[in-house]
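Last residue of the sequence shown? That's 814 in our numbering, and every number before it is there in order.
Here's the structure, in structure tokens; my notes come after.
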Amino acid sequence: MTLPTPIILDCDPGHDDAMAILLAAANPAVELLGITTVSGNGSLEKVTYNALRMCAVANIVVPIAKGANDPLAGKASAAPTIHGATALDGAELPEPTFEISQLSAVELIAKLVSECDRKVTLIPTGPLTNIAMFLQAHPELHDRIEHISFMGGSTERGNWTPYAEFNIWADPEAADIVMRSGLPLIMSGLNITHQALATPEILDRISALDTKLARTVVDLLQFFATTYREVFGMPDPPVHDPVALAIVIDASVARLVSAPVAIELHGELTRGATAVDLYGTTGQAANVDVAMELDVEKFWNMMIDALKVLGKE
Ligand code: RIB
Ligand code: CA
Numbered sequence: 502m503t504l505p506t507p508i509i510l511d512c513d514p515g516h517d518d519a520m521a522i523l524l525a526a527a528n529p530a531v532e533l534l535g536i537t538t539v540s541g542n543g544s545l546e547k548v549t550y551n552a553l554r555m556c557a558v559a560n561i562v563v564p565i566a567k568g569a570n571d572p573l574a575g576k577a578s579a580a581p582t583i584h585g586a587t588a589l590d591g592a593e594l595p596e597p598t599f600e601i602s603q604l605s606a607v608e609l610i611a612k613l614v615s616e617c618d619r620k621v622t623l624i625p626t627g628p629l630t631n632i633a634m635f636l637q638a639h640p641e642l643h644d645r646i647e648h649i650s651f652m653g654g655s656t657e658r659g660n661w662t663p664y665a666e667f668n669i670w671a672d673p674e675a676a677d678i679v680m681r682s683g684l685p686l687i688m689s690g691l692n693i694t695h696q697a698l699a700t701p702e703i704l705d706r707i708s709a710l711d712t713k714l715a716r717t718v719v720d721l722l723q724f725f726a727t728t729y730r731e732v733f734g735m736p737d738p739p740v741h742d743p744v745a746l747a748i749v750i751d752a753s754v755a756r757l758v759s760a761p762v763a764i765e766l767h768g769e770l771t772r773g774a775t776a777v778d779l780y781g782t783t784g785q786a787a788n789v790d791v792a793m794e795l796d797v798e799k800f801w802n803m804m805i806d807a808l809k810v811l812g813k814e
């Protein structure tokens, strides 16, 4: 019998991070060891409160630890335009049902990885600050990491600047440390996450579950849709973050290509860009498995199955 893959979700909830929390808690192919938070879609306080509230929504109880408030270089920049003032606007959410860990994110990741009897997969879906700090503080634990499957970057254009995707833009130095770590990396960039659209048909399928959780998720995604229409002119919102986890759950959900990926740190107009060398023009060795195409039906079936499991009252 194959044991579930132990995972740690490092996130900045955020609507799509919230969906990743639900998928991580429900899918039997993974074992959610813990959640760590990083400022990004909102302040560290807001995203941590939101992680606790999403756990309360679905009766999830796992260790949650606060991580970095600021990037490795510079000051934090939240993204309130997309996720609202609370960083998770759009639905009535319950108050937290448990206290956060007294450990820092790095300490919790180190504890969970050290104590686990299997190699652990890290699933960062926000800026990579906590992951970079963990890798720098615990070189002795690198061989206990199975994969780092992150949502970030793009093989094409950016969404926060013309060339940088938000998670990488928010802490390029951290992303550079992760890309250079030599660990097995899987990148789910905008090029694939923009295929994971919460269309009206998807919202109808979620509504048809007819549970309180389903109604909460539809409310959240409908808010997310309004900001994506207003800011990006996209009719349906891309639910970015669960893609990075879906690939760990079932590798057949995406087509991956190995390629060299480097982070632009100095470009005046391009800082935070992911330089993905799909055609071998740099002569560099491949360091990342880059997700290119999504099996959209398989992805949404996985996501909706998770809501079905968690929604049983
Ligand atoms: O660019 C999209 C990413 O930035 C997602 O992870 C979203 O939650 C925000 O963090
Ligand atoms: Ca995120």
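Glycine included, every Cβ here is placed at the ideal spot set by N, Cα and C.
Could you check what DSSP says for M688 in three-state terms: helix, strand or coil?
DSSP places M688 in strand when its eight states are reduced to three.
Is T775 near ligand 2, in the sense that its beta carbon is under 7 Å from a heavy atom of that ligand?
Between ligand 2 and T775, a heavy atom-to-CB distance of less than 7 Å is absent.
Could you tell me whether the segment 689–697 touches the segment 640–660, using the rule of 3 or more Cβ pairs below 8 Å?
Judged by pairs of C-beta atoms under 8 Å, the segment 689–697 touches the segment 640–660, as three or more such pairs exist.
Does the distance from the CB of C556 to the CB of I522 come in under 8 Å?
Yes, the pair counts as a contact, with Cβ atoms nearer than the cut-off.
So for I707, helix, strand or coil by DSSP?
DSSP places I707 in helix when its eight states are reduced to three.
For P595, I'd like the list of residues in its chain whose CB is within less than 7 Å of its CB, leaving aside the five on either flank, ordered along the chain.
Setting aside the 5 residues that flank it on each side, P595 is surrounded in the same chain by R554, A557, V558, each with a C-beta closer than 7 Å to its C-beta; the list follows chain order.
Can we count E657 as close to ligand 1, meaning its CB is less than 7 Å from some heavy atom?
Distance from the C-beta of E657 to the nearest heavy atom of ligand 1 is not below 7 Å.
Looking at ligand 2, does it come within less than 7 Å of G627, judged from the CB to the closest heavy atom?
Yes, ligand 2 has a heavy atom inside 7 Å of this Cβ.
So E794 is in the beta strand (DSSP E); what residue range does that whole segment cover?
Counting along the chain, the beta strand (DSSP E) containing E794 begins and ends at 789–795.
Give the DSSP-derived three-state secondary structure of G627 in the structure shown.
When DSSP states are grouped into helix, strand and coil, G627 belongs to the coil group.
Inter-residue CB distance, G773 and T662 (contact presumed, cutoff 8 Å)
With a Cβ gap of about 7 Å, G773 and T662 count as contacting.
Can you tell me the Cα-Cα spacing of M804 and L524, whole angstroms?
In this model, M804 and L524 are separated by some 6 Å (Cα to Cα).
Below 7 Å, is the gap between the Cβ of M688 and the nearest heavy atom of ligand 1?
For M688, the Cβ stays outside the 7 Å cut-off from all heavy atoms of ligand 1.
Leaving out five residues on either side along the sequence, give the residues of the same chain with a beta carbon under 7 Å from the beta carbon of S578.
Same-chain partners within the cutoff: A671.
Whole-angstrom C-beta distance between N542 and A588, which should lie under 8 Å:
Contact check for A588 and N542: beta-carbon distance about 5 Å, within the 8 Å limit, so the pair qualifies.
If you measure between the beta carbons of H741 and M680, is that distance less than 8 Å?
No. Outside cutoff.
List in chain order: all unbroken alpha helix (DSSP H) runs of 4+ residues lying wholly within the segment 691–751.
Whole alpha helix (DSSP H) segments, 4+ residues: 691–694, 701–708, 713–733, 743–750.
What is the rounded straight-line gap between the Cα of E794 and the Cα of G654?
Going from the Cα of E794 to the Cα of G654 covers about 15 Å.
Expressed to the nearest angstrom, what Euclidean distance is found between the alpha-carbon atoms of A792 and E593?
The alpha-carbon atoms of A792 and E593 are separated by roughly 34 Å.
Three Cβ pairs or more, each shorter than 8 Å: is that satisfied between the segment 528–536 and the segment 612–628?
Contact between the segment 528–536 and the segment 612–628 is present, because at least three Cβ pairs lie under 8 Å.
Should P505 be labelled buried (16 or more other beta-carbon atoms within 10 Å of its own) or exposed?
Answer is exposed; the Cβ neighbour count stays below 16.
Less than 7 Å separating the Cβ of D518 from some heavy atom of ligand 2?
Under cutoff, so the answer is yes.
Which two residues bound the contiguous beta strand (DSSP E) that contains S650?
According to the DSSP assignment, S650 belongs to the beta strand (DSSP E) that extends over 646–652.
Mark F733 as exposed unless 16 or more other C-beta atoms lie within 10 angstroms of its C-beta, in which case mark it buried.
Exposure of F733 is indicated by the presence of fewer than 16 other C-beta atoms within 10 angstroms of its C-beta.
Alpha carbon to alpha carbon, how far is D677 from G591? Give it in angstroms, no decimals.
Take the alpha-carbon of G591 and the one of D677: they are about 34 Å apart.
First through last residue of the alpha helix (DSSP H) which encompasses T537:
Element bounds for T537: not the alpha helix (DSSP H) but the beta strand (DSSP E), 531–538.
L757 - DSSP class collapsed to helix/strand/coil:
For L757, the three-state secondary structure derived from DSSP is strand.
CA-to-CA distance, S759 to A715, given in whole angstroms
Between A715 and S759, the C-alpha separation is close to 37 Å.
Quick one: what does DSSP say A569 is sitting in, helix, strand or coil?
Here A569 sits in coil by DSSP.
Once the 5 residues before and after A638 are set aside, which same chain residues still bring their CB inside 8 Å of it?
Excluding positions up to five away in sequence, the list reads V607, A611.
For V621, name the three-state secondary structure that DSSP assigns.
Of the three classes helix, strand and coil, the one that applies to V621 here is strand, per DSSP.
Beta-carbon within less than 6 Å of L757's beta-carbon, same chain only, minus the 5 sequence neighbours each way: which residues are those?
Leaving aside the five residues that flank L757 on each side, the residues in its chain whose CB is nearer than 6 Å to its CB run, in chain order, D790, A792.
Does the beta-carbon distance from D511 to G585 come in below 8 Å?
Result no, Cβ atoms of D511 and G585 do not sit closer than 8 Å.
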